[in-house]
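Numbers 1362 to 1575, taken from this note's numbering, label the letters of the sequence shown in order.
Glycine included, C-beta positions come from ideal geometry on N, C-alpha and C.
Reviewing the structure listed below.
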Amino acid sequence: MPIDRRPLREQIREELLGRLDRGDFAAGTDINEVALAAELGVSRTPLREALITLAGEGVLESTQGRGFRFAPVSRKEFRELCEIVAGLEALALDRSDPAYLREIAPELLRLARDFPDRIAEQHVIERHDDEWHDLLVSGCRNERLIDLITSVKAGLRRYAHLLAGDDTPLEREAAEHCQVAELLMAGDRAAAGQALRDNWVNGMERMMSRIPAS
């Protein structure tokens, strides 16, 4: 049996994100640290460290004297998170070896063409898009940058689950992924980076209509 040697706070963080993905927590839900620590079978110290990390990532809110709660959704935050991820992924593309990008471009194109649906359920979109974006940035050797992308995406993911749910049909545009792949095949990394940013912006606009104006 493999032994997980990661710090306990990281394991707790992943468990909480997994529960958030499954819809176990609603936006604005207060966290009872004593009850949650007992449920997870951990002390409050690593739990609190994990909560502080999630608060820094925007998944939680910390209120002086009142502990933590799962952050409510807002159009402003969602827009900002999308802009950040778009910029970070474009930077990861810029920091990748051009030869490697040309090598994986045909597979990126195949993945995009194999999932051409304009309307699909959230969990299906998430699975395919994660595979495509993970491959896209797999050539970036800046591990801190990849960690940042993962961290900000955690904040974005809760919007998809809170606003749509796993089985809600959502709009998507496979042609945007195809365009990025085709530009990489042509060796035009700068244009591919801009097309990638456009993909995030367009996806953001498609989701914004689901977020109540605040």
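Going by DSSP, which residues form a beta bridge with residue i?
{"i": "F1431", "result": "L1421"}
{"i": "C1501", "result": "S1457"}
{"i": "D1391", "result": "R1430"}
Alpha carbon to alpha carbon, how far is residue i from residue j?
{"i": "G1564", "j": "R1533", "result": "7 Å"}
{"i": "E1464", "j": "W1493", "result": "14 Å"}
{"i": "M1362", "j": "P1368", "result": "Because the pLDDT at M1362 is just 42, under 50, the model does not fix this residue reliably, and the value given afterwards should be weighed accordingly. About 18 Å."}
{"i": "R1405", "j": "K1437", "result": "32 Å"}
{"i": "Q1483", "j": "M1568", "result": "11 Å"}
{"i": "E1418", "j": "I1510", "result": "11 Å"}
{"i": "D1549", "j": "R1471", "result": "19 Å"}
{"i": "D1508", "j": "R1370", "result": "16 Å"}
{"i": "E1487", "j": "M1546", "result": "25 Å"}
{"i": "R1409", "j": "E1394", "result": "8 Å"}
{"i": "E1468", "j": "D1385", "result": "35 Å"}
{"i": "E1566", "j": "R1366", "result": "41 Å"}
{"i": "E1537", "j": "T1390", "result": "36 Å"}
{"i": "F1407", "j": "D1491", "result": "It should be noted that the sequence gives Pro, not Phe, for residue 1407. Each residue's Cα considered, the two are about 29 Å apart."}
{"i": "H1489", "j": "S1570", "result": "23 Å"}
{"i": "V1485", "j": "R1427", "result": "37 Å"}
{"i": "G1432", "j": "A1481", "result": "The amino acid at residue 1432 is misidentified as Gly; the sequence shows Ala. Looking at the two C-alpha atoms, the distance is approximately 27 Å."}
{"i": "T1414", "j": "K1514", "result": "14 Å"}
Just to confirm, are residue i and residue j a CB contact at a threshold of 7 Å?
{"i": "E1379", "j": "L1442", "result": "Sequence check: residue 1379 is Gly here, not Glu. No, the pair does not count as a contact, with Cβ atoms beyond the cut-off."}
{"i": "V1434", "j": "A1387", "result": "no"}
{"i": "I1373", "j": "A1416", "result": "no"}
{"i": "A1466", "j": "G1554", "result": "no"}
{"i": "I1392", "j": "F1429", "result": "yes"}
{"i": "A1453", "j": "L1506", "result": "yes"}
{"i": "R1351", "j": "N1503", "result": "Any answer about residue 1351 is impossible in this case: the structure gives the chain only from 1362 up to 1575."}
{"i": "R1479", "j": "L1381", "result": "no"}
{"i": "P1477", "j": "A1396", "result": "no"}
Would you be able to state if there are at least three C-beta pairs under 8 Å between the segment 1498-1512 and the segment 1537-1550?
no
So, does the segment 1438-1449 touch the segment 1549-1569, judging by three or more C-beta pairs under 8 Å?
yes
Taking only runs that begin and end inside the segment 1534-1573, name each unbroken beta strand (DSSP E) of 3 or more residues, in chain order.
none
Three or more C-beta pairs below 8 Å linking the segment 1453-1464 and the segment 1416-1430:
no
Is it a yes or a no for the segment 1369-1378 touching the segment 1388-1403, going by three-plus beta-carbon pairs under 8 Å?
yes
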